[in-house]
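Let me begin by presenting the structure, written as structure tokens, before commenting on it.
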């Protein structure tokens, strides 16, 4: 399979460039009979939308989605679901100044060298605007997972640059522009972002995402592990440089007696494993954490080379997110949803005749 | 594709269980004409072999590999390369005591629930012994990458539990049982492991792995990114709970002006991106870091349930590595090699007619 | 991979229904740098277009294609090429009479039973109108194959119902509505079709398609054979019930001394093998022949059942092709082109360093 | 996926050469809990075995199969099933005379040109002996299909060279060396073969294969059609040059009113469609017909070229089947079984929640 599709049975194909006519996608393999309308996709797209606060890019896009196929009389038919999101505020001319240079930390250089050419309008195909397709595809996955299995997928901003944001309550997350799980921290985050924006610089972030209600048994050993596919999905999001499942890097310093989550008839005690053992879901919450690097398009002069290899400097004045992590929460949720539906389908394909032999007195939980 | 294969064009398929008759694999897609013998695979297998020091499992396996196809008169023919490694020191009876219980932190429980049954002899398919297949497949990949492109792949143990092992020299790595890059630290590591083993507990580790000499342009946007495939490959290794590329999680606190590696006519200044931008190799070193959790089979009593869901306790007395990270270096190298050859082939498929337009005065390096 | 995509490296994804808003597709993996515009796709789409003669469906569609991505400044960028063809003459009401019944020989019944529902507007996803996507994707493949390797792909109608149309000249093919290779036969074909149309019945056809100039070496043993992938591609075209390569079914009665094409320094003597041996191209013409069944939507009363399983009769009065074979030539060409580009890329991925050791005095030909 | 694997969810990977140490395969994705032993595979392998009559190759192979993984206590575990068949009667020296020349009609030439080298011992990887892997993998598929769905897959020799063998009774098929469905014809077939063998020539054949009991709904539109995957599977068998589903090429001359199988509350009337409509199974018998070309290794002098391109002649004196069609029946059955189980799994993955809304008064049958 080529690089613009992912998923084995719930297969998402994506196309589009930042300043071309449109983005679009195809979701293949969605089960039939799911109630679905453009509004289901739009709701998630609006969460990711640019221009929704002063802390993100000021590009004005309604991100209106049109479903072109695969839905009939309000329900999915089981055939390919095509959808389209027209670009409305494309300004390719903004980029003429940088078409001949490479932004440090950006894919400008690698596309140029790989393909012998590049679409220099914004990031072209490398733009994070491509994530509209992921969010739309994820919205369908989320809806099916919730209606079929009661799976709930949600995430939050866990760190903004140096500022850690400890989890306090899901109620806060949708009430602020940062997806921060603590409303009390929002003023400080706003102040931090205002100063950052004024400085012309950018910063990294950490996003955590969870799936609750995943049944035991999803995931395929040994290369098709659930956590392996989650890692791939997350690392494919623009700017992601690190992925953790469960205890993640903290497991290095743990002892086995501390890390291995004990079991009782009431379920697991602790969730260091992040809901995955041997690549297969345990029935606990799936917990994932991502590191997103700071945006490479910044308003500060930096050394670079031009397309002929000569030394020069660059600063980027287009409309950019000073922290791509701020809008990353719905994207990470979408990718997790797409991986989970894919494995839900793969699992029932192979093990559709199996009833898990062991039922806990209580449903297993993250303890 | 099902879960026991990976790779698009350099496709590795694996089979075998810890206490079954044999492990084996098939490498499909290897270019023809590569000089290859069983000795090439054996050399890497010997680096991963159990029983080579007192710090690892005492299972005695020669891990002798037999090539069954795909090589004729000492060279690869372009057809599927099948290979076989017989298990010699299988002791399935060792496990009768734990066949009815689940080891905390182990895949025992998830296999049981997913498949409605499990091969309880050791970890069955979930055993880390499966990595013999990866190492053999990686040996072929490594050899081709080196002979065709001069790519060198190597790794080292960067942390053992709480003990960080700063990189000092490659010369040290093959000279000790830990793959530690600093001989002076070995006595301390040995002491640490002796105490750990005596305590019956286990510990996590960090392994770093690098690829030097990778040309610019390998990797496919947007889901088939080189770093996405590396993340999947690494997270599919038993016990891995976190993956970083380049600066990894440190990028969260970096500013864009600090993270984005500047460029000069002499190449990149710094390598925060770990040799990948936009999912495509930059020509710098590819740098990857993994977190491995502590082994779940430990000689300490732990709460668990049995296959009927009743509370019980377990302690594992079989032969196990108290730190799987110690033998993980050749495995991580192998997985990186398999991903890189796959992308080398994918790149020349699509872009075989492209010459990278920009040649640096010097070859780009990690600075 | 799910059912709406095909191809490993040149991967085509399709969506759309006969009476929905649009058809569209995504071509992933096209090499960068190919000159391409919507006109290149439109030229092929116009060859397949409905309503172009009285012998085909009278549905009025311009089949205007819009390229949405993957092309920049007139050349492919190497990223996914998305394209869209809006339906203009959809008349879903035409089908209300048949929404509750199954047309004999049509996919109505199987979709209903598989998915528990169906889009009853025309054939929905099962409509042969889906082949617009194939033709558009094939146009790109054809252009690349021609410009990069000089491969020429073309086909013709070889039989219309009982009337065989022996090959006479390529010059005739584009000059009549049947893609018949003999202008002199056209009046008889027209008379046959006029009578058939008046009778309300339909008829089958045979289409032959060839690729000239394919280099030796494309195709992968043993399951990824070139002829295996061609067979799959052809059999996936609506109404196709049989596929032959080279001598096809005639080989049953051949002796080995007759069938096996001898070789001389001037090339092959004969082409019984249709340009493929052991699944790999020989350098001769690739020759393929298809059987297309008669259209199932006919204006003649037939016994069937309704969606509740009760006996009833049906006759179909919508706009339909009385012989789908008439417009099948460009579709078969497109599918052959897609398979060939896929294998061209796969071949150079694995064997990019190989020069075929033997050069014939003359280029091998079909003799 | 590379060329030595096939199937999406029931994925078969194959390796081995005619005169190398062994053939082997990996079946990935088999549902857990299936009773399975080596004897199940052996039974099918024995049906295909060489040397079982004077009409086939006299190579003496027991084709003993060893299962290496994926089965525990007599049942499949859901993990990869690896198996091995050692070559016992390899005589690589037999081929030294032809190592420098190409057999007309054989893959010798294309392998040589594709890979720049070839394993000249017998056909190497191109040998039809590779079909042992298919038969072993198909045996597992057959067993699961039969036990889970009552699907019965069987085939027969329908034509041997010019001699048509009309179907008379399944009872005859296993009682003669030809898989002929009419015992009375066997003496004539034997006489024909004795004369053919004496002449040093070879001949083609037709094999028909059926699957009875396949439920409605298997197969994925539009490229992942059941008939498309069947066509690919059959065309991948050595020597196959044509594939038909249902009426096959006879549909060309049929009228729609004749071809389209009418439906009544008792089921379908006729089975021109061969059990597939719109790429999805109808619940009728799946009927497939194959054309196999005459063996290219014959004892008659033929014109060819040597590896330097010089004119020469060749005649092949090794041990070969004068008609590969004679042993092709179990192979075709195996391929059909592998495709069907793959689609059974794919169907329940996507449509596992769907009950076919329409139940016929009687089970649909081929009428």
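Residue numbers (our numbering), protein chains in the order written: chain G, 59 to 425; chain F, 59 to 425; chain E, 59 to 425; chain X, 59 to 425. Virtual Cβ for every residue (Gly too), placed ideally from N, Cα, C. These figures come from a predicted structure and were not determined experimentally.
How should residue 424(X) be labelled, buried or exposed, when 16 other C-beta atoms within 10 angstroms of its C-beta is the threshold for buried?
Confidence at residue 424(X) is low in this model, with a pLDDT of 40, below 50, so the placement of that residue should be treated as unreliable; the coordinate-derived value is given next. It counts as buried.
Taking the alpha carbon of residue 150(G) as the reference point, which residue from 178(G), 160(G), 162(G) has its own alpha carbon closest?
If we check each option's Cα against that of residue 150(G), 178(G) comes out closest.
Could you check whether residue 338(F) and residue 172(G) sit closer than 7 Å to each other, using their CB atoms as the reference points?
Yes.
Name the one or two DSSP bridge partners that residue 335(X) has.
DSSP lists 338(X) as partners of residue 335(X).
What whole-angstrom Cβ distance do residue 406(X) and residue 407(G) have, given they're in contact under 8 Å?
With a Cβ gap of about 6 Å, residue 406(X) and residue 407(G) count as contacting.
Let's see if you can read the secondary structure: which residues bound the beta strand (DSSP E) around residue 105(G)?
Counting along the chain, residue 105(G) falls outside any beta strand (DSSP E), though it belongs to the alpha helix (DSSP H) covering 96 to 106.
Where do the N-terminal and C-terminal ends of the alpha helix (DSSP H) with residue 250(G) fall, by residue?
Residues 244 to 257.
Based on Cα-Cα distance, which residue from 148(X), 204(X), 290(X) lies nearest to residue 429(X)?
No answer is possible for residue 429(X): the residues shown for chain X start at 59 and end at 425.
Quick one: what's residue 201(G) bridged to in DSSP?
DSSP output for residue 201(G) lists no bridge partner at all.
Please identify, using Cβ separations under 7 Å, the residues of the stretch 253 to 281 of chain F that lie next to chain G, in order along the chain.
Listed in sequence order: 259, 260, 261, 262, 263, 264, 274, 275, 278, 279, 280, 281.
Determine the contact status of residue 216(G) and residue 264(G), defining contact as a CB-CB distance below 7 Å.
Yes, the pair counts as a contact, with Cβ atoms nearer than the cut-off.
So is residue 220(F) buried or exposed if we call it buried at 16+ other beta carbons inside 10 Å?
It counts as exposed.
Check the DSSP bridge columns for residue 302(G) and list the partner residues they point to.
Per DSSP, 347(G), 300(F).
Among 391(X), 397(X), 384(X), which has the Cα closest to the Cα of residue 247(X)?
Looking at the Cα atoms, 384(X) is the closest of the given residues.
Would you mind sorting residue 312(G) into buried or exposed? The rule is 16 or more other CB atoms within 10 Å of its CB.
Buried is the call here.
Under three-state DSSP, which class holds residue 74(E)?
Here residue 74(E) sits in strand by DSSP.
Residues of chain G with CB closer than 7 Å to the CB of residue 138(E), please, in chain order.
Those are 62, 72, 73, listed as they occur along chain G.
Spatial neighbours of residue 185(F) within its chain, please: C-beta separation below 6 Å, excluding the five flanking residues on both sides.
Here the set comprises 76.
Alpha carbon to alpha carbon, how far is residue 81(G) from residue 198(G)?
If you take the alpha carbons of residue 81(G) and residue 198(G), they lie about 17 Å apart.
Could you name the residues of chain G that residue 409(X) contacts, counting a contact when the two beta carbons are closer than 8 Å?
What residue 409(X) touches in chain G: 89, 90, 136.
With burial defined as no fewer than 16 other Cβ atoms inside 10 Å of the residue's Cβ, what is the status of residue 48(G): buried or exposed?
Lying outside 59 to 425, the shown extent of chain G, residue 48(G) is not represented and no answer is given.
Please go through the same chain and pick out, in chain order, the residues whose beta-carbon is closer than 8 Å to the beta-carbon of residue 422(E), but skip the five residues on each side of it.
No answer about residue 422(E) holds up, because its pLDDT of 47 lies below 50 and its placement is not dependable.
Please tell me whether residue 94(X) has its Cβ less than 7 Å away from any Cβ of chain F.
So no, residue 94(X) is outside the interface.
Express the C-alpha separation of residue 130(X) and residue 351(F) in angstroms, rounding to a whole number.
Straight-line Cα distance between these residues: approximately 28 Å.
I need the straight-line Cα distance from residue 403(F) to residue 278(F), nearest angstrom please.
Cα to Cα, the separation comes out at about 11 Å.
In terms of alpha-carbon separation, which member of 99(E), 390(E), 88(E) lies closest to residue 194(E)?
Out of 99(E), 390(E), 88(E), 99(E) has the C-alpha closest to the C-alpha of residue 194(E).
Does the beta-carbon of residue 176(F), which I'm using as the reference point, lie nearer than 6 Å to any heavy atom of the ligand FAD?
In the structure shown, the ligand FAD is absent, as is every other ligand, since no ligand is present at all.
By the three-class DSSP mapping on this structure, what secondary structure does residue 27(G) have?
Residue numbering for chain G in the displayed model covers 59 to 425; residue 27(G) lies beyond these limits and cannot be assessed.
Between the C-alpha atoms of residue 483(F) and residue 176(F), what's the straight-line distance to the nearest angstrom?
There is simply no residue 483(F) to check, as chain F begins at 59 and stops at 425 in what is shown.
State the DSSP-derived secondary structure class of residue 217(X), mapped to helix, strand or coil.
Residue 217(X) falls in the strand class under three-state DSSP.
Would you check if there are 3 or more beta carbon pairs closer than 8 Å linking the stretch 114 to 123 of chain G to the stretch 137 to 147 of chain G?
Yes: at least three Cβ pairs fall under 8 Å.
Whose C-beta lies closer than 6 Å to the C-beta of residue 167(E) among residues of the same chain, with five residues either side of it excluded?
Hits under 6 Å: 160.
Please list, in chain order, all residues of the same chain as residue 371(E) whose beta carbon is under 7 Å from its beta carbon, the five residues on each side excluded.
The answer, listed in chain order, is 359, 360, 361, 362.
Strictly below 8 Å CB to CB, what residues from chain E border residue 67(G)?
Chain E residues near residue 67(G): 60.
Tell me the DSSP secondary structure of residue 175(G) in three-state form.
Coil.
With 7 Å as the threshold, decide whether the Cβ of residue 303(X) is near any Cβ in chain E.
Closer than 7 Å to some Cβ of chain E, the Cβ of residue 303(X) qualifies, so yes.
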